[in-house]
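Worksheet: one structure, shown below.
2 protein chains.
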Amino acid sequence: MNNFNFYSPTHFVFGKNRENEVGTFVKRFGGTRVLIHFGGGSVVKSGLLNRVKTSLAAENIYFTELGGVLPNPRSGLVYKGIEICKQENIDFILAVGGGSVIDSSKAIALGALYDGDFWDFYMGKLVEKALPVATILTISAAGSEGSTGSVITHENGMLKRAANSDALRPVFSVLNPELTCTLPNYQTACGATDMMAHVMERYFTNTQNVEITDRLCEGILLTVIKETPKALADSTNYESRANIMWAGMVAHNDICGVGRDQDWSSHQMEHELSGLYDVAHGAGLAVIFPAWMKYVMNHNVMRFAQFAVRVWGCEMDFQSPEKTAIQGIERYEQFMTSIGMPIRFSELGAKAEDIPTLVKTMQLGNRTLGSFVKLTEEDVRKIYELAV
Amino acid sequence: MNNFNFYSPTHFVFGKNRENEVGTFVKRFGGTRVLIHFGGGSVVKSGLLNRVKTSLAAENIYFTELGGVLPNPRSGLVYKGIEICKQENIDFILAVGGGSVIDSSKAIALGALYDGDFWDFYMGKLVEKALPVATILTISAAGSEGSTGSVITHENGMLKRAANSDALRPVFSVLNPELTCTLPNYQTACGATDMMAHVMERYFTNTQNVEITDRLCEGILLTVIKETPKALADSTNYESRANIMWAGMVAHNDICGVGRDQDWSSHQMEHELSGLYDVAHGAGLAVIFPAWMKYVMNHNVMRFAQFAVRVWGCEMDFQSPEKTAIQGIERYEQFMTSIGMPIRFSELGAKAEDIPTLVKTMQLGNRTLGSFVKLTEEDVRKIYELAV
């Protein structure tokens, strides 16, 4: 096991109606002038935004608002948010939405305390400070409600890049599973795919003897595999929504990823896809992951066999472990198909002829991608081709 | 799933040699005058105490020390620690040891900021504040390095009682698995038993549909079951020690216990045992748990069958699930025996004729104990009798 630090100080406020406590929590964490950041009209239409405002007003907390975050959140709105923060002396950002809203909020939180261009942090500048961010989660997927990360697409070149820092961990996150009961099935399935991907980026590692985090990873995957079809069959199934929501958090606050090398090459390959085509992140991951698995499987067949047996319930083929390994990948594909996810370029609307562009935009050059297998530009191209 | 709050802000500093960073971390968390609290001579003999002092001195942090904590920590030393804190204006407590040292440190942290008797908090008074506590863990077991709890035995009557509060979560905890490599096998086994018990107190619940926390619980148990025999066979097996150490933390910081009713009756019944006989907490749990399981099994046979199948790898008997359930309990007993734990009163040195005393000391009266099955005084007596 590798040495590590683990620090997840977010206060999670989980369950029915908990968003009505948001005013109390903002006050407790020192917020006095709040920017409420959100996406489209659903937050307004559902009455959630009003409930949030009522709760803030009850604590005499000043607030202003900025809506309009799109999936694969763009830099344009971030610049606007930063401007508002500086003009209005905002000291607290409240994200009401899913991963895109939270990531956009984290970017604003960075830029609000920085004189330069916030994008510097997404190009590698070390984060030192940010305004406190809190979240009211409406989509279980990104895990951004408990994570250090933020992913933003810059409109200049459609570059999709990430920033990471403990300073970006939300101070509190309200997780009310009821808020996710109105999601279309496609978004629910994309969310499930994203959280499974967060686990798998950690699961496929070269670090030996990490049984505790292996088992936690497997437990999260087993849960998502069991509960997602139930949520799709009945979108109002509170219990399934609740299990999925907590699974999405533990999948990405790193409790299941510490002490081991992590990969993250599939995420980067997906970022190029959703950067170019503006497809849903989860859908892109469903397409990339099987291709990546097939390409790297022989690097450690027994790890893929373990994945097949423990996560997918396959019978171990003791004579030909690689057959078990392949079966695990097939079961992943079948599950993705069963929940309505694409698993090939054509189903996603991506095109084989764009592969050179995808590879070029990644700007990998002589560097390599990932850690399970260190991928060259040529490897990346072949993986995209396997996904066609 | 029940509504819940989850807040685990402890900064975990995990891995080889990490205790040498303790000065930096104390400074980061605002400590300027430190009480180093520890147990017996092993911390001194191993050189750990010196390394800690060197690290504090390097940051020009003032420190004083108080050793002598015993297993099942007593109130006497707590009163002494509180006196030192008040006299010396201590603002930070550093526990160097296992659960007993950490729990004693938490008690001192409570008393140092309170004008009354610290014992009030162990008799139910609400905790409002405490000095910051940090830990350098030397025994994987209690989970106190990441938990809200502290258990102390008052010498007046040998009452063993617990206090709980977010204010008692350590601000940071250093977990270096190497420090546990010199433990005698008996202590290692007691530690494994304790962390398994922490999981099982959460696992056996009446809350339905908590798959995510079920799976996390099972993952922790599977890890401890796999790694403990390896650590016993070769006490210097770093990888097993590391897995066990992180398992002990996640077993008790409540990440695997949120959103569900928890039981904790076995812990209370054990507290009476170790209060009376001063036996190791883990050993007492190994004796109580099988008896409790047998007594309550019929309340939810399928939950015990799930435990048997998922944790112990038993074949499900679909015609007679209760046979599978019983098999799971037997496997737990066999595992305990295999790691050198007692499973009956006689092996522990407890006596059947003391049962009335054990029951009486609990002072249950007309109240009930636990939540999976609400135990009356009569039930408690019968469970002790099953353990004879």
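Going down the list, the sequences are from chains P and W. Heads up, the numbering used here is the position in the first sequence plus 82, with the first residue counted as 1. Heads up, the numbering used here is the position in the second sequence plus 82, with the first residue counted as 1. Glycine is no exception: its CB is placed at the ideal position from the N, C-alpha and C atoms. Everything numeric in this text was worked out from a predicted model, so none of it was measured.
Do you know whose CA, among the options, lies nearest residue i's CA?
{"i": "residue 199(W)", "options": "382(W), 111(W) and 162(W)", "result": "162(W)"}
{"i": "residue 381(P)", "options": "407(P), 395(P) and 392(P)", "result": "407(P)"}
{"i": "residue 175(W)", "options": "267(W), 254(W), 313(W) and 210(W)", "result": "254(W)"}
{"i": "residue 239(W)", "options": "356(W), 298(W) and 333(W)", "result": "356(W)"}
{"i": "residue 330(W)", "options": "441(W), 419(W) and 274(W)", "result": "274(W)"}
{"i": "residue 287(P)", "options": "91(P), 218(P), 263(P) and 347(P)", "result": "347(P)"}
{"i": "residue 448(P)", "options": "436(P), 461(P) and 439(P)", "result": "461(P)"}
{"i": "residue 291(P)", "options": "179(W), 308(W), 133(W) and 392(W)", "result": "308(W)"}
{"i": "residue 108(P)", "options": "119(P), 138(P) and 179(P)", "result": "138(P)"}
{"i": "residue 177(W)", "options": "294(W), 165(W), 171(W) and 134(W)", "result": "134(W)"}
{"i": "residue 421(P)", "options": "317(P), 457(P), 469(P) and 181(P)", "result": "317(P)"}
{"i": "residue 88(P)", "options": "440(P), 171(P), 207(P) and 341(P)", "result": "341(P)"}
{"i": "residue 429(P)", "options": "244(P), 419(P), 399(P) and 323(P)", "result": "419(P)"}
{"i": "residue 171(W)", "options": "389(W), 194(W) and 397(W)", "result": "194(W)"}
{"i": "residue 136(W)", "options": "164(W), 160(W), 201(W) and 106(W)", "result": "106(W)"}
{"i": "residue 168(P)", "options": "192(P), 202(P) and 401(P)", "result": "192(P)"}
{"i": "residue 244(P)", "options": "207(P), 465(P), 383(P) and 423(P)", "result": "207(P)"}
{"i": "residue 104(W)", "options": "377(W), 131(W), 417(W) and 126(W)", "result": "131(W)"}
{"i": "residue 359(P)", "options": "256(P), 470(P), 467(P) and 433(P)", "result": "433(P)"}
{"i": "residue 468(W)", "options": "123(W), 377(W), 440(W) and 285(W)", "result": "377(W)"}
Spatial neighbours of residue i within its chain, please: C-beta separation below 6 Å, excluding the five flanking residues on both sides.
{"i": "residue 387(W)", "result": "403, 406 and 407"}
{"i": "residue 93(P)", "result": "254"}
{"i": "residue 446(P)", "result": "459"}
{"i": "residue 242(W)", "result": "235, 353 and 357"}
{"i": "residue 366(P)", "result": "352, 355 and 356"}
{"i": "residue 121(P)", "result": "151, 179 and 183"}
{"i": "residue 196(P)", "result": "none"}
{"i": "residue 280(P)", "result": "225, 333 and 334"}
Sort out for me which residues DSSP pairs residue i with in a bridge.
{"i": "residue 246(W)", "result": "231(W)"}
{"i": "residue 391(P)", "result": "Note: residue 391(P) sits in no beta bridge, so no partner."}
{"i": "residue 87(W)", "result": "95(P)"}
{"i": "residue 337(P)", "result": "Residue 337(P) pairs with nothing; no bridge assigned."}
{"i": "residue 359(W)", "result": "Residue 359(W) pairs with nothing; no bridge assigned."}
{"i": "residue 131(P)", "result": "In the DSSP output, where bridge partners are listed per residue, residue 131(P) has none listed."}
{"i": "residue 175(W)", "result": "117(W) and 215(W)"}
{"i": "residue 255(W)", "result": "94(W) and 217(W)"}
{"i": "residue 208(P)", "result": "The partner list for residue 208(P) (beta bridge, DSSP) is empty, contrary to what the question assumes."}
{"i": "residue 451(W)", "result": "457(W)"}
Identify, in the order they occur along the chain, each residue of the same chain with its Cβ nearer than 8 Å to the Cβ of residue i, setting aside the five sequence neighbours on each side.
{"i": "residue 185(P)", "result": "155, 224, 226, 231, 232, 233 and 234"}
{"i": "residue 298(P)", "result": "332, 337 and 338"}
{"i": "residue 246(P)", "result": "209, 230, 231 and 232"}
{"i": "residue 383(W)", "result": "403, 404 and 407"}
Quick check on the burial criterion: 16 or more other C-beta atoms within 10 angstroms. Buried or exposed for residue i?
{"i": "residue 112(W)", "result": "exposed"}
{"i": "residue 373(P)", "result": "buried"}
{"i": "residue 315(P)", "result": "exposed"}
{"i": "residue 188(W)", "result": "buried"}
{"i": "residue 140(W)", "result": "exposed"}
{"i": "residue 264(P)", "result": "exposed"}
{"i": "residue 205(W)", "result": "exposed"}
{"i": "residue 110(P)", "result": "exposed"}
{"i": "residue 266(W)", "result": "exposed"}
{"i": "residue 427(P)", "result": "buried"}
{"i": "residue 216(W)", "result": "buried"}
{"i": "residue 368(W)", "result": "buried"}
{"i": "residue 153(P)", "result": "buried"}
{"i": "residue 390(P)", "result": "buried"}
{"i": "residue 248(P)", "result": "exposed"}
{"i": "residue 228(P)", "result": "buried"}
Only counting the same chain, and skipping five residues up and downstream in sequence, which positions put a Cβ closer than 7 Å to that of residue i?
{"i": "residue 260(W)", "result": "98 and 320"}
{"i": "residue 415(W)", "result": "372 and 425"}
{"i": "residue 173(W)", "result": "113, 114, 115 and 213"}
{"i": "residue 326(P)", "result": "222, 274, 306, 309, 310 and 313"}
{"i": "residue 283(W)", "result": "344, 345, 346, 348 and 349"}
{"i": "residue 300(W)", "result": "392 and 393"}
{"i": "residue 278(W)", "result": "303 and 306"}
{"i": "residue 269(W)", "result": "221"}
{"i": "residue 166(P)", "result": "117, 146, 148 and 172"}
{"i": "residue 396(P)", "result": "390, 406, 409, 410 and 413"}
Query - At least 3 beta-carbon pairs within less than 8 Å: the segment 446-459 of chain P vs the segment 94-108 of chain W - result: Because the criterion of three Cβ pairs below 8 Å is not met, the segment 446-459 of chain P and the segment 94-108 of chain W do not touch.
Query raised in the report: Is there contact between the segment 114-132 of chain W and the segment 144-151 of chain W, where contact requires at least three CB pairs shorter than 8 Å?
Result: A contact between stretches requires three or more CB pairs, one per stretch, nearer than 8 Å, and the segment 114-132 of chain W meets this requirement with the segment 144-151 of chain W.
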